[in-house]
Amino acid sequence: MTAVTAAALDAAAARVITALAGPDAIVRDDQRAAVSALVLERRRALVVQATGWGKSAVYWIAARAVRDAGGGPVLVVSPLLSLIGDQVVAAQRAGLTAATLNSSNLDDWPDVERALMAGQVDVLLVSPERLANPRFSATVLDVLLPQLGLLVIDEAHCISSWGHDFRPDYQRIAGLLLANPDLPVLATTATANSRVTADVADQLGANTFVQRGRLARESLHLGVLAGLSSFDRYAWTDQALRQLPGSGIVYCLTVADADRLAGFLAERGHAVAAYSGKTETADRARIEAALKVNELKAVVATSALGMGYDKPDLAFCIHVGSPSSPVDYYQQVGRAGRALPEASVVLLPGDSDERLWEWFATASVPRPDEAAAVLAALRYQGALSVPALEAATGVRRTRVELLVKVLAVDGAVSREGTSWAATGQDWTYDHEKYDALVAVRRRESDIMREYVVGGDCLEVLLRRSLDDPTEQGERCGRCSVCTGTLPAGLPTTTDPEAREAARAWLRDLVVPLEPRKMFTSGIDAASGRPAWRGRIAPSLALSPGRALAFADDPAWDRMATVTGPLAPDAPAPDWLLAALERSFGRWLPSLPQRLEAVAPVPSSRHPRLVHSIAVTIAHGVGIPLLDAIVLDGPPPGSDLSPAGRACAQAARISLAPGAEVPEGPMLLVDETWRTGWTATLAGALLREAGARSVTPFVAHQLP
1 MTAVTAAALD
11 AAAARVITAL
21 AGPDAIVRDD
31 QRAAVSALVL
41 ERRRALVVQA
51 TGWGKSAVYW
61 IAARAVRDAG
71 GGPVLVVSPL
81 LSLIGDQVVA
91 AQRAGLTAAT
101 LNSSNLDDWP
111 DVERALMAGQ
121 VDVLLVSPER
131 LANPRFSATV
141 LDVLLPQLGL
151 LVIDEAHCIS
161 SWGHDFRPDY
171 QRIAGLLLAN
181 PDLPVLATTA
191 TANSRVTADV
201 ADQLGANTFV
211 QRGRLARESL
221 HLGVLAGLSS
231 FDRYAWTDQA
241 LRQLPGSGIV
251 YCLTVADADR
261 LAGFLAERGH
271 AVAAYSGKTE
281 TADRARIEAA
291 LKVNELKAVV
301 ATSALGMGYD
311 KPDLAFCIHV
321 GSPSSPVDYY
331 QQVGRAGRAL
341 PEASVVLLPG
351 DSDERLWEWF
361 ATASVPRPDE
371 AAAVLAALRY
381 QGALSVPALE
391 AATGVRRTRV
401 ELLVKVLAVD
411 GAVSREGTSW
421 AATGQDWTYD
431 HEKYDALVAV
441 RRRESDIMRE
451 YVVGGDCLEV
461 LLRRSLDDPT
471 EQGERCGRCS
481 VCTGTLPAGL
491 PTTTDPEARE
501 AARAWLRDLV
511 VPLEPRKMFT
521 SGIDAASGRP
531 AWRGRIAPSL
541 ALSPGRALAF
551 ADDPAWDRMA
561 TVTGPLAPDA
571 PAPDWLLAAL
581 ERSFGRWLPS
591 LPQRLEAVAP
601 VPSSRHPRLV
611 HSIAVTIAHG
621 VGIPLLDAIV
631 LDGPPPGSDL
641 SPAGRACAQA
651 ARISLAPGAE
661 VPEGPMLLVD
671 ETWRTGWTAT
681 LAGALLREAG
691 ARSVTPFVAH
701 QLP
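Each residue of the sequence shown is one higher than the last, beginning at 1 in UniProt numbering.
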């Protein structure tokens with residue numbers, strides 16, 4: 001790092017803090033201590049401080065001092081595009097020339113790169129995913145590293161496998177640190193307990209300066225309202241938005257939940273928008289901006305809206321469903337009350353939370369069989385894209401995307417344009433590491449169970465989970481456990497009219513079924529049909545279908561008692577038949593052509609259930625029921641890989657001898673849809689036999 005004097009540092013600090021916070025602002029002692037350790041003592045630094053403490057001021061002061069002393073440009077790695085946009089503005093306010101290279105400004109890349117190489121850019125901001133881009137590494141990073149004045153790692157808990165929001169792409173930073181031991185580094189985060197703090201500090205190096213302040217904030221008034229039904233949680237949120245001042249965030253655990261709740265609240269007259277990882281970049285920016293200026297009462301979001309979102313006057317944070325980790329929960333509620341004396345924070349736990357917790361505990365952990373399948377495909381078939389890997393292995397695309405990142409960090413695969421290739425390096429599944437990680441996540445879920453029950457002061461419990469110091473018997477005096485009431489006098493009961501409105505809204509929702517696009521590798525051989533390989537031909541493909549319910553759909557909380565693996569086989573109950581008839585009746589007029597037959601998919605678990613659904617629809621529409629599909633032999637074992645199960649199903653499915661398949665459109669009926677493979681194969685058989693189209697309709701789509 002370029003030498004910086006104490007006087008030069010003080011001048012840079014005064015210039016930056018005035019630009020950021022006004023002429024009366026001064027740099028606090030703890031902020032100066034962090035910058036001094038980094039710039040004057042030339043140590044790597046880790047700053048763990050609460051949201052709103054002013055961590056960004058530390059790296060802008062350091063950047064200003066380094067640049068004033070003639071040092072090279074500053075590289076900031078930040079996890080969210082929205083956060084990067086805010087940081088570009090903040091850097092410019094601090095008198096720094098800032099630029100970014102990300103997926104939303106591709107047209108600007110040549111100009112930014114030229115300015116960077118000409119020394120005209122003080123700060124370059126990128127996402128961790130950008131570090132994985134071969135072109136960026138070759139044309140920008142390799143040139144930039146030798147002259148870099150400072151590396152800033154924002155949201156540094158993402159580096160740690162123990163962090164609540166660990167991201168494999170962040171692990172590339174660890175490789176940079178090891179390969180460049182003299183590189184000056186500042187890492188910052190607002191959500192790291194002692195274990196995560198120690199892990200990140202260890203990755204930074206032995207002489208790392210660690211500053212860890214008190215993470216909890218007294219402006220947050222915490223509350224829990226347990227025991228509400230799915231409909232009650234929707235109704236309560238409707239009531240709360242009418243009562244709460246200002247604007248805020250309503251968090252949901254899944255994308256489907258966020259979309260459903262946002263739709264209901266909009267129907268009830270609230271200015272809201274849904275926000276998730278599936279929201280387009282331009283729409284994210286528009287929604288974030290609308291919330292900042294209070295054009296929206298609330299954004300109904302998944303965890304995609306969290307880290308770094310800066311709205312100091314965010315007045316409330318409601319969780320419809322409980323996160324699995326107290327650190328994750330605090331990271332989200334920490335968006336609220338940064339510049340307010342009081343912000344309302346309420347958690348509405350749900351019955352399905354614990355099933356989702358278990359999924360979250362294991363979803364980001366690679367599975368040995370899937371990793372082996374991906375590696376084998378790359379070693380024997382050469383470089384493959386993610387869609388091609390999905391087809392070759394039968395592993396779901398989201399899992400493939402995770403696996404190639406993990407394998408790339410470990411050096412077993414590398415990216416080649418839009419494809420991935422095996423490097424030849426050996427890779428061994430680290431059972432001990434991943435078992436320990438899952439165990440830690442499950443212990444964190446235990447803390448959330450305690451939080452939901454409300455056996456202790458909510459703030460004290462959160463502070464303990466963050467390893468903030470607490471004293472025996474300490475209580476905050478503000479939370480619902482301490483006061484016996486919810487924040488801001490919010491209600492503890494729900495309005496019957498709002499509850500019934502929620503029920504009606506949820507039961508009228510459409511659950512689309514998206515047909516598969518590719519055959520998995522080996523299905524052609526297993527089925528004896530050479531055409532069943534690669535991309536599914538239009539002449540064999542299913543049409544888009546529909547399900548009555550999705551996963552833990554709150555409107556259909558009894559669905560699992562009928563379609564679940566332990567549910568007894570019986571004809572569909574009247575309530576389910578009535579709901580299916582109503583849903584199908586609304587959908588039928590939108591189908592492009594009149595159906596000519598209904599074909600049930602043979603079910604190993606619930607044949608009477610599926611047959612009763614198919615009979616009801618056939619009679620209702622006035623078309624024949626065709627038992628055209630046959631499944632011979634036992635169902636695939638659960639120990640098989642996804643590709644193995646698909647191939648096993650292909651080996652046992654066939655067209656019934658003598659089945660007279662009509663030339664017109666057909667409806668394919670089943671109880672559930674998880675991977676879609678059985679319906680895909682059945683549909684291909686019916687299409688081969690002459691059906692013009694095959695449209696699936698199921699009772700329950702599973703995640």
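All C-beta atoms in this analysis are idealised placements derived from N, C-alpha and C, irrespective of residue type, glycine included.
query: For Y330, does the count of other Cβ atoms within 10 angstroms reach 16, so buried, or fall short, so exposed?; result: buried
query: Check each candidate in V395, L685, P657 and name the one with the smallest Cα separation from E663.; result: L685
query: Closest by CA to I249, which one among C476, A50, A235, D313?; result: D313
query: According to DSSP, simplified to helix, strand and coil, what is D199?; result: helix
query: A599 and L626: beta carbons closer than 8 angstroms?; result: yes
query: Go ahead and label A94 buried or exposed: buried means 16 or more other beta carbons lie within 10 angstroms of its beta carbon, across all protein chains shown.; result: buried
query: Any idea what DSSP makes of D353, helix, strand or coil?; result: helix
query: With distances taken Cα to Cα, identify the nearest neighbour of L186 among S78, A502, D495, L375.; result: S78
query: If you draw a straight line from the alpha carbon of A656 to that of A689, how long is it in whole angstroms?; result: 11 angstroms
query: Evaluate P168 with the Cβ neighbour count: other Cβ atoms within 10 Å of its Cβ, from every protein chain shown; 16 or more gives buried, anything less gives exposed.; result: buried
query: Among Q147, N105, D154, P23, whose alpha-carbon lies nearest the alpha-carbon of A45?; result: D154
query: Mapping the DSSP letters down to three states, classify L176 as helix, strand or coil.; result: helix
query: Please return the same chain residues whose Cβ sits closer than 7 angstroms to the Cβ of A62, not counting the five positions on each side in sequence.; result: V35, L38, V39, L150, L186
query: Keeping to the same chain, check which residues put their C-beta closer than 6 angstroms to that of A115; ignore five residues upstream and five downstream.; result: V121
query: Got a sec? Which residues, its chain only, sit under 7 angstroms from S419 by beta carbon, not counting five neighbours each side?; result: A383, L384, S385
query: I want to check one thing, is the minimum distance from the CB of K311 to the heavy atoms of the ligand ATP below 7 angstroms?; result: The ligand ATP is not among the ligands present in this structure, which contains no ligands whatsoever.
query: Are there three or more Cβ pairs, one per stretch, closer than 8 angstroms when the stretch 481-496 is compared with the stretch 446-457?; result: yes
query: Alpha carbon to alpha carbon, how far is V272 from L296? Give it in angstroms, no decimals.; result: 5 angstroms
query: Only counting the same chain, and skipping five residues up and downstream in sequence, which positions put a Cβ closer than 6 angstroms to that of H157?; result: G163, T189, T191, A192, V196
query: Between F550 and the rest of its own chain, which residues show a CB-CB distance below 7 angstroms, the 5 nearest in sequence each way excluded?; result: A256, V511, Q701
query: For P184 versus R42, is the C-beta distance shorter than 8 angstroms?; result: yes
query: Would you tell me roughly how many angstroms separate the C-alpha atoms of T97 and D68, rounded to the nearest one?; result: 12 angstroms
query: Could you check where the alpha helix (DSSP H) with V621 kicks off and where it finishes?; result: 607-621
query: Give the range of the beta strand (DSSP E) segment to which L447 is assigned.; result: It should be pointed out that residue 447 corresponds to Ile in this sequence rather than to Leu. I447 -> not in any beta strand (DSSP E); alpha helix (DSSP H) instead, spanning 431-453.
query: Pop quiz: A679 and P703 are said to be a contact at Cβ under 8 angstroms. What is the actual Cβ separation, rounded to whole angstroms?; result: About 16 angstroms separates the two Cβ atoms, so there is no contact after all.
query: Judging by CA-CA distance, which residue of S161, D508, T139 is the nearest neighbour of A198?; result: S161
query: Starting from the C-beta of G522, find all residues in its chain whose C-beta is less than 6 angstroms away, skip the five residues before and the five after it, and write them out in chain order.; result: C647
query: Measure the Cβ-Cβ separation of V74 and V4 and say whether it is below 8 angstroms.; result: no
query: Which word fits K433, buried or exposed, when buried means at least 16 other C-beta atoms lie within 10 angstroms of its C-beta?; result: exposed
query: Within the same chain, show all residues whose beta-carbon is closer than 7 angstroms to that of A12, passing over the 5 residues directly before and after it, in chain order.; result: I61, R64, A65, D68
query: Between the Cα of P181 and those of S194, Y170, Q203, spot the shortest distance and give me the residue it belongs to.; result: Q203
query: What does DSSP give as the partner residues of A421 in its beta bridges?; result: S414
query: Suppose you measure from the CA of A628 to the CA of P634; what does that come to, to the nearest Å?; result: 19 angstroms
query: Can you check which of these residues, S604, A421, G564, V299, is closest to A376 by C-alpha distance?; result: A421
query: Using a threshold of 8 angstroms, state whether the C-beta atoms of E514 and S603 are closer than that.; result: no
query: What does the alpha-carbon distance come out to for the pair A91 and G213?; result: 24 angstroms
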